[in-house]
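Note that the sequence shown ends on residue 1270 in my numbering; no numbers are left out. Beta carbons are placed, not taken as given, at the ideal position from N, Cα and C, and that holds for glycine. Here the structure is a predicted model, which means the values were calculated and not measured.
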Amino acid sequence: MDLKNVQASEKMADALVAFHNKYFGDNRKPEHWIWEYKVSYPDLSLFSVMMQNGDIAGTLGMIPIYLRVAGKRTLSAKCENALVTPEHRGSNLYLDLHAAQESNCRRKGFQFQWAYGPQYKSGLRCGFSVHKNAICSLGAVISPARVLADTLKSGKKGVRERMVEITSAMLLWLYGSARRATNARPKNRYVVRTEPLGQRDMDDLYQRLRSRFPDMIHIDLDRNYLKWRIYDHPFIQYKNYFVYRGSQLVAYSFVNAHKEARVYLTDFTYDDIDAGKFLLSRILKDLAAKKIGLLIFVGNRENPLIKETLNLLRKRGFVHIGATNFHIRNIQFKFDETISKLENWYMTGTASEGYEV
Ligand SMILES: CC(C)(COP(=O)(O)OP(=O)(O)OC[C@H]1O[C@@H](n2cnc3c(N)ncnc32)[C@H](O)[C@@H]1OP(=O)(O)O)[C@@H](O)C(=O)NCCC(=O)NCCS
914 MDLKNVQASE
924 KMADALVAFH
934 NKYFGDNRKP
944 EHWIWEYKVS
954 YPDLSLFSVM
964 MQNGDIAGTL
974 GMIPIYLRVA
984 GKRTLSAKCE
994 NALVTPEHRG
1004 SNLYLDLHAA
1014 QESNCRRKGF
1024 QFQWAYGPQY
1034 KSGLRCGFSV
1044 HKNAICSLGA
1054 VISPARVLAD
1064 TLKSGKKGVR
1074 ERMVEITSAM
1084 LLWLYGSARR
1094 ATNARPKNRY
1104 VVRTEPLGQR
1114 DMDDLYQRLR
1124 SRFPDMIHID
1134 LDRNYLKWRI
1144 YDHPFIQYKN
1154 YFVYRGSQLV
1164 AYSFVNAHKE
1174 ARVYLTDFTY
1184 DDIDAGKFLL
1194 SRILKDLAAK
1204 KIGLLIFVGN
1214 RENPLIKETL
1224 NLLRKRGFVH
1234 IGATNFHIRN
1244 IQFKFDETIS
1254 KLENWYMTGT
1264 ASEGYEV
């Protein structure tokens, strides 16, 4: 077998995206790949491609993401686009893709790797700790009419599957509406803004959260990250909410309403439960006016803060709709114990939605 490992360049974006679209059934464009790997810290990102006689046999990408680990800014690699052609699965090709990145990872200063994704055994084989179903999704049906219209339109599904989907959506909507109706409206002592008042407000909010959970691990939502991933995202428009009590930022949310059939509470963070309730009511009120199918929140269910959020959402009629695994692998980080503890990871949709279009 004539296999050769190469680092991808922008010139390969067309071929790489075609390779992924073929296996994942997506409709991504080369611009999406370029945005993901070549816009934020382009010199740090890694993308390993295994070529066989001029064809792509496998890929593995690593996106540089600065996290705060117990407050300290730390460079991590988020693994993405793991794909091997079916004929090479079960061989060592995937291991080789990982091994090919190892020295680059160290040289570039990545401390550890992490990923969301369904694979299990292949993750273990590559040295990851794999936490089964740690990343869970809760959803609520906002407009059953929307789900009905989308399901009827879907040519891919059979009659039986459509009937099950429509019935589930109706039940979910009835259940959710009843729960939402019994919730008292929170007091209106907050002001909602579309931008933070001050540049340090997000930092201050996370500092307060870290004073409650000192070993917390979260994405460093600095200007660079927010500009790339949220504010100036070229393919997804977010509606942003910043909730203030006086001059203090007490909650925020990024809502990805790019596709009305599935809307994401990409991030939903608060350091005061009343502010969280207020913000959720506000978002639900705004969305009720639109024809939204499912409203979804994704997060690590072992993290205590996210547990609180999941409880809040359940009280408003959200139910479990799915889960995927969380993968962690240390490369050269001194505080292995901190990153090994799943409960430390405050991970929400901000880490998962990069290229959903
Ligand atoms: C993930 C992948 C690169 C791993 O390749 P690999 O190391 O050669 O591993 P294999 O495909 O032989 O899979 C090893 C085991 O993991 C399981 N597995 C692999 N991908 C899986 C997935 N997406 N979901 C659930 N299980 C998966 C396989 O069933 C297999 O189990 P087995 O050993 O009991 O048969 C390859 O399976 C692949 O390309 N999958 C499709 C794309 C994908 O799911 N990527 C991850 C999300 S980005």
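Can you give the beta carbon distance from V962 to A921, rounded, assuming they're within the 8 Å contact cut? With a Cβ gap of about 5 Å, V962 and A921 count as contacting.
Using DSSP with H/G/I as helix, E/B as strand and the rest coil, what is I1205? coil
Count the CB pairs spanning the stretch 1075-1083 and the stretch 1238-1247 that are closer than 8 Å, and state whether there are at least three. no
Any idea if N1257 is buried or exposed, counting beta-carbon neighbours within 10 angstroms, 16 or more meaning buried? buried
Close Cβ partners of Q1024 (< 7 Å) along its chain, the five nearest in sequence each way excluded: T987, L988, S989, I1244, Q1245, F1246
Does the Cβ of Y1119 have 16 or more other Cβ atoms within 10 Å, making it buried, or fewer, making it exposed? buried
Using a Cβ-based criterion (distance less than 7 Å to any ligand heavy atom), does S1056 qualify as near ligand 1? no
Measure the CB-CB distance between A1053 and L1223 and report whether it falls below 8 Å. no
Apply the 10 Å Cβ neighbour rule to S1124 and answer buried if 16 or more other Cβ atoms are within range, or exposed otherwise. exposed
Write down the C-beta distance between F1239 and N1213 rounded to the nearest angstrom, noting that I regard them as a contact closer than 8 Å. 6 Å
Sequence-distant residues of its chain with Cβ nearer than 7 Å to L980 (five each side left out): Excluding sequence neighbours, L980 sits near T987, S989, I1130, H1131, I1132, D1133.
Quick check on DSSP: helix, strand or coil for A1082? helix
Cα-Cα separation between A1047 and L1218, rounded to whole angstroms: 14 Å
Does the stretch 1003-1023 come into contact with the stretch 1221-1235, if we say contact requires no fewer than three beta-carbon pairs (one atom in each stretch) closer than 8 Å? no
Where S1160 falls, given that 16 or more other Cβ within 10 Å makes a residue buried: So S1160 counts as exposed.
Below 8 Å on the Cβ atoms is my guess for K1140 versus E1173; work out the distance and round it to an integer in Å. That belief does not hold up - the Cβ atoms of K1140 and E1173 are roughly 25 Å apart, past 8 Å.
Grab me the residues of V1270's own chain with a C-beta within less than 6 Å of its C-beta, minus the 5 sequence neighbours each way, in chain order. Because the pLDDT at V1270 is just 39, under 50, the model does not fix this residue reliably, and the point stays unresolved.
Can you tell me whether Q1032 sits near ligand 1, meaning its C-beta is under 7 Å from at least one heavy atom of the ligand? yes
Closer than 7 Å by C-beta to V919: which residues in its own chain qualify, once you throw out the five before and the five after it? Chain order, please. V962, M964
Tell me whether L996 counts as near ligand 1, meaning its Cβ is closer than 7 Å to at least one heavy atom of that ligand. Checking every heavy atom of ligand 1 against the Cβ of L996, one is found closer than 7 Å.
Residue closest to R1092, alpha-carbon to alpha-carbon, out of V1232, F937, K951: V1232
Report the CB separation of H945 from N994 in whole angstroms; it is logged as a contact under 8 Å. So it is not a contact: roughly 11 Å between Cβ atoms.
Within this structure, are the beta carbons of S1166 and Y1177 separated by less than 8 Å? no
Is F937 helix, strand or coil by DSSP? helix
Counted within 10 angstroms of its Cβ, other Cβ atoms place P1127 as buried (16 or more) or exposed: A residue is called buried once 16 or more other Cβ atoms fall within 10 Å of its Cβ, and P1127, having fewer, is exposed.
Roughly how many angstroms separate the alpha carbons of L973 and Y1103, rounded to a whole number? Cα-Cα distance, rounded: 45 Å.
Could you name each continuous beta strand (DSSP E) segment of 3 residues or more that falls completely within the stretch 1092-1142, going from the start of the chain to the end? 1104-1106, 1130-1132
Pull up the distance between the alpha-carbon of A1201 and that of S1056, whole angstroms please. 8 Å
In the DSSP assignment, find the beta strand (DSSP E) that holds N918 and state where it starts and stops. For N918, the enclosing beta strand (DSSP E) has its first and last residue at 916-920.
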